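Sequence order for the protein chains is Z and F. Residue numbers for the first sequence follow this note's numbering, beginning at 1 and rising by one. Residue numbers for the second sequence follow this note's numbering, beginning at 312 and rising by one. Ideal placement from N, C-alpha and C gives every residue a C-beta, glycine not left out. Note that the coordinates shown come from a computational prediction; the quantities given were computed from them, not determined experimentally. One structure is given here, and the rest of the page talks about it.
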Amino acid sequence: MDIRRLSYNRRRRLFLQQLVNGLTIGGIYAMIAVGYTMIYGVIQLINFAHGEIYMLGAFFAITFIVSLGIPFFVALPLSMACCAICGVLLDIVAYRPLRRSPRLAALITAIGMSIFLQNLAMVIWGSRPKPFPQGALPAYFEKTAVSFGGVNLSWFHLFIYGMTFTMMVGLNLIIKKTRWGKAMRAVAQNKTMAALAGINVNRVISYTFVLAGALGGAAGIMTGAFYNKIEPTMGYIAGVKAFAAAVLGGIGSVPGAMLGGLVLGVAEAFGAGYLSSLYRDGISYGVMIIVIILIPAGLFGRVLKETKKSM
Amino acid sequence: MKNKQPFFYTGLVCCLVFVFVITTGALADNIRIGVASPFTGDLAAYGDNIKAGVSLKLKEINDAGGINGKKIELVWGDDLCAPKDAGTVASKFAADKSIVAVIGHLCSSATLAAMPIYVRAGLPAISATSTNPTIGDVGKGWFFRNCYTDEFQGKYLASYVVPKLLGKNTVAIFYENNDYAIGLKDSFMAGAKAFGVKVTGAEAYVAKTTDFTPQLTKLLRDKPDTIFLCGYHPEGALIAGQARKLGFNGPLFGADGIDNEDYIKLGGKATENTYCTVPFLAMSAGPAGKEFAKKFTAAYGRDVDWMSANAYDCLGILAQVISQTGPDRKKIREGLSAINSEGNGYNGITGLTYFDKKGDCAKPAFVKMVKDGKFVAAE
């Protein structure tokens, strides 16, 4: 149908609705992307298994809710904690032994861990997609909370936006204002110097994995609950998209990853809504490619001189 | 090096087991038939159905002494419903000379990818479920199916289900980007034109998508009476849920790809008032079909679905042919293509099956709907 034929009001409503759609998925991408970018920041590793942490978050949540009967608002932080532990374990088991090996070895290990975790989830929970127990969600989630320009926002939308916003602000505070944040920034700049200054580098890296894991897990739970499908392979596409978002924002930059996620989500929604729905993913990656060509370091990235890393 | 010894023994045991398995497999001299379906992944629920259907028939045949004294043995091939993996499974089946026929594949895209390999190897395949109309051309006489084609199904939806059963005039189509859904969408659109049903928009999605809201927002803008879920059940269930969240309250409908209990399990309440066409419906079947439905529920504790029923008949057809021709790939093909008229058709639980020159068969469609969280007959 021709969009130009529609009245101004309907066109505005369509635009706003697509914006809402895009920001919802974009917020989720942002939460995963931040994990990629933080880990890249401290150990220069693209943690391809991060998408699997996101998947595990969703599975932990439904396991807690369905098998143990834990209410949603308790299961959420509990699963995030489990994901944080998984993140740390991942680092200790797979990445720490390779800290001094070439970067490529760690990268391949990350891909290997991704495949391993995906298959482990298949063994534990089966390969069939699972619904999120909708009964566990509070009933008012489905109700309209805000209405503007003919678009209804449910409490669930607000909850996702609220979670995304709180976590992003919280994360920024942690990085900017706390001692651990300072240590993280120091390690990101120069591991050797940070160690010489008395920072326990491995522990700082573990903390980074804790933060990344918790955020990734939260994103997984939210996706599972909102879009209502949980499966062992769900981490792959989400991981790739979030990685693209992190690159778009400038990998290594936390605000960049947040913005990158939102831009990617909105580009996807508008691409599908106004251009062709078949090329929806193509459009969002296209946006990424154009940004990278124009600003090679990404939206918030710093251009670094090529230096020999002593890692 | 004491530590190495356990490894040595485990290795030895593994080798022995391996040799044992290989030799017994070869010595048993069973009639081996390949079954290709998605047994893992998104559409594993379909594979379960196929497995359930053929296993029932297998047990019946083997309990009755097999075919001319030989037992049937099924070899499972997991194609994940993906053309790439279907090619791998097909090559494996084609290379294994002990496999005399294939039941499968399940998804049309998978069958289309596998057929050229079977044609080259001279291995007959009979699909219980692939409905894309073009497979017959690719199959070059080696392909058969005991389900209708989408050419028929799409027209049936456009001429009967939407205007008569639902009493609606405008449809938004949401189709998956694969051979099955595109073929179905095209024949639906052709039928819609002929029968005065208005298509307000058609949007596509790729498999494994979770967020359908951008496309749905676009489709719902034109206020369609009903949405056509043209694809498979996992995505169908999500689309149903997200369409309801966006405020759509009308009926939904789909085709054979929607018929699965997982559709209701995944989609929950949002799936109420969904209609779908199926090649087999226990409530509308003959006495043989009704009896099969009872047996099926007793064996698996769930209601029978059309895929299990069709798969059950597929093995039945193959067994009948093999009992006349013997286990030989070429002769089985000839035997299958000889089932070409009503007079010599195979009378199974899904009705009378006989093939035309392209291996297609003419069978009626039935309509199911979701009511109070269960699939029931719509008429």
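**Q.** Residue range of the unbroken beta strand (DSSP E) whose run includes F/Tyr-516
**A.** Per DSSP, F/Tyr-516 is one residue of the beta strand (DSSP E) stretching across 509 to 516.
**Q.** 8 Å Cβ cutoff, Z/Lys-182 in contact with chain F
**A.** Chain F, which has no Cβ nearer than 8 Å to the Cβ of Z/Lys-182, makes this no.
Q. By a C-beta neighbour count over all protein chains shown, 10 Å radius and 16 as the cutoff for buried, is F/Met-680 buried or exposed?
A. In the assembly as shown, F/Met-680 is a buried residue. Its beta-carbon has 16 or more other beta-carbons within 10 Å.
Q. Does the beta carbon of Z/Thr-223 come closer than 8 Å to any beta carbon on chain F?
A. So, interface residue.
Q: Taking the CB atoms as reference points, tell me whether F/Gly-355 and Z/Ser-127 lie closer together than 8 Å.
A: Residue 355 of chain F is actually Ala in this sequence, not Gly. Yes, they are a contact pair.
Q: Quick one: list the residues of chain Z neighbouring F/Gly-579, beta-carbon separation under 8 Å, in chain order.
A: Here the neighbours are Pro-131, Gln-134 and Asn-228.
(Q) Against Z/Gly-252, what residues of chain C qualify as contacts under a CB-to-CB distance less than 8 Å, listed in chain order? (A) Among the protein chains in the structure shown, which are Z and F, there is no chain C.
Q: Could you please tell me which residues of the segment 495 to 519 of chain F, in chain order, have their CB closer than 8 Å to any CB of chain Z?
A: Within the segment 495 to 519 of chain F, those residues whose Cβ lies closer than 8 Å to any Cβ of chain Z are, in chain order, Thr-511, Gly-512, Glu-514, Ala-515, Tyr-516, Val-517 and Lys-519.
Q) Buried or exposed: where does F/Phe-455 fall if 16 or more other Cβ atoms within 10 Å of its Cβ makes it buried? A) Residue environment analysis places F/Phe-455 among the buried positions, since at least 16 neighbouring C-beta atoms fall within 10 angstroms of its C-beta.
Q. Based on Cα-Cα distance, which residue from F/Lys-504, F/Ala-436, F/Ala-439 and F/Asn-443 lies nearest to F/Ala-469?
A. Taking only the C-alpha atoms, the option nearest F/Ala-469 is F/Lys-504.
Q.
Just to confirm my understanding: we take F/Lys-509, look at its own chain, exclude 5 residues before and 5 after, and list those with CB closer than 8 Å. What are they?
A. So the qualifying residues of the chain are Asn-480, Thr-481, Val-482 and Ala-503.
Q. Taking Cβ positions only, does F/Asp-573 come closer than 8 Å to chain Z?
A. Yes - at least one Cβ of chain Z is within 8 Å of the one on F/Asp-573.
Q: Assuming F/Ile-538 and F/Ala-554 form a contact by the criterion Cβ under 8 Å, report the distance between their Cβ atoms to the nearest whole angstrom.
A: With 8 Å as the limit, F/Ile-538 and F/Ala-554 qualify as a contact, their Cβ atoms being about 6 Å apart.
Q: Taking Z/Arg-10 as the query, report the chain F residues whose CB atoms sit under 9 Å from its CB, ordered along the chain.
A: Correct list: Arg-532.
Q.
Whole angstroms are fine: how far does the CA of F/Thr-422 sit from the CA of F/Asn-443?
A. Taking C-alpha positions only, F/Asn-443 is separated from F/Thr-422 by approximately 9 Å.
(Q) Can you tell me where the alpha helix (DSSP H) holding F/Arg-644 begins and where it ends? (A) In this chain, the alpha helix (DSSP H) harbouring F/Arg-644 covers 640 to 648.
Q. What residue range is occupied by the uninterrupted beta strand (DSSP E) comprising Z/Val-146?
A. Under the DSSP assignment, Z/Val-146 falls in the beta strand (DSSP E) whose first and last residues are 144 to 148.
(Q) I believe Z/Leu-171 touches Z/Leu-211 by the beta-carbon criterion, under 8 Å. Please report the beta-carbon distance rounded to the nearest angstrom. (A) The C-beta distance from Z/Leu-171 to Z/Leu-211 rounds to 7 Å, short enough to meet the 8 Å contact threshold.
Q. Start and end of the alpha helix (DSSP H) containing F/Asp-396?
A. That run of the alpha helix (DSSP H) goes 394 to 406.
Q: Closer than 7 Å by C-beta to Z/Trp-155: which residues in its own chain qualify, once you throw out the five before and the five after it? Chain order, please.
A: Taken in chain order, the residues that qualify are Tyr-140, Phe-141, Lys-143 and Ala-145.
(Q) Comparing C-alpha positions only, which one of F/Ala-515, F/Leu-540, F/Ser-419 and F/Ala-676 sits nearest to Z/Leu-278? (A) When C-alpha distances from Z/Leu-278 are compared across F/Ala-515, F/Leu-540, F/Ser-419 and F/Ala-676, the shortest belongs to F/Ala-515.
Q: Please look up how many angstroms separate the CB atoms of Z/Leu-248 and Z/Val-291, rounded, as I've assumed it's under 8 Å.
A: A Cβ-Cβ distance of about 5 Å is found for the pair Z/Leu-248 and Z/Val-291, placing them in contact under the 8 Å criterion.
(Q) Taking 7 Å as the limit between beta carbons, can you name the residues of its chain near Z/Gly-22, skipping five residues before and five after? (A) Once the five neighbours on either side are set aside, the close Cβ partners of Z/Gly-22 are Gly-265, Val-266, Glu-268, Ala-269 and Phe-270.
Q.
Please list, in chain order, the residues of the segment 354 to 374 of chain F that have any C-beta partner in chain Z closer than 8 Å.
A. Contact residues of the segment 354 to 374 of chain F toward chain Z are Ala-355 and Ala-356 (C-beta to C-beta distance below 8 Å).
(Q) Just to make sure I have the definition right: I need the residues of chain F whose C-beta is within less than 7 Å of the C-beta of Z/Ile-237. Which are they? (A) Per Cβ cutoff of 7 Å: Lys-519.
(Q) Below 8 Å on C-beta distance, what does Z/Asn-21 contact in chain F? (A) The answer, in chain order, is Asp-522, Thr-524, Pro-525 and Thr-528.
Q | Near-chain Z residues of the segment 390 to 411 of chain F (beta-carbon distance less than 9 Å), N- to C-terminal order | A | Among the residues of the segment 390 to 411 of chain F, none has a Cβ less than 9 Å away from any Cβ of chain Z.
Q) Is the segment 566 to 577 of chain F touching the segment 344 to 361 of chain F, taking contact as three or more C-beta pairs under 8 Å? A) Because the criterion of three Cβ pairs below 8 Å is met, the segment 566 to 577 of chain F and the segment 344 to 361 of chain F touch.
Q) How about the segment 205 to 223 of chain Z and the segment 27 to 37 of chain Z: do they share at least three Cβ pairs that are nearer than 8 Å? A) At 8 Å Cβ cutoff, the stretches touch.
**Q.** Whole-Å CB distance - Z/Ser-79 paired with Z/Ile-230, under 8 Å assumed
**A.** Their Cβ separation, rounded to whole angstroms, is 12 Å, which puts Z/Ser-79 and Z/Ile-230 out of contact at 8 Å.
Q | Where the beta strand (DSSP E) containing F/Glu-487 begins and where it ends | A | Unbroken beta strand (DSSP E) run through F/Glu-487: 481 to 487.
Q | First through last residue of the alpha helix (DSSP H) which encompasses Z/Ser-206 | A | 201 to 227 is the span of the alpha helix (DSSP H), which, as asked, contains Z/Ser-206.
**Q.** Straight-line gap, F/Ser-438 to Z/Ala-81 (C-alpha atoms, nearest Å)
**A.** F/Ser-438 and Z/Ala-81 have their C-alpha atoms roughly 47 Å apart.
Q. With distances taken from CA atoms, which of F/Phe-607, F/Lys-496, F/Val-472 and F/Gly-684 is nearest F/Phe-543?
A. According to the sequence as given, residue 543 of chain F is Tyr; it is not Phe. Ranking F/Phe-607, F/Lys-496, F/Val-472 and F/Gly-684 by CA distance to the CA of F/Tyr-543 puts F/Lys-496 first.
Q: Count the other C-beta atoms from every protein chain shown that fall within 10 angstroms of the C-beta of Z/Ser-101, then say buried if there are 16 or more, exposed otherwise.
A: Label assigned to Z/Ser-101: exposed.
Q: Could you tell me whether the Cβ of F/Asn-489 comes closer than 8 Å to any Cβ of chain Z?
A: Answer no: the Cβ-Cβ gap between F/Asn-489 and chain Z never drops below 8 Å.
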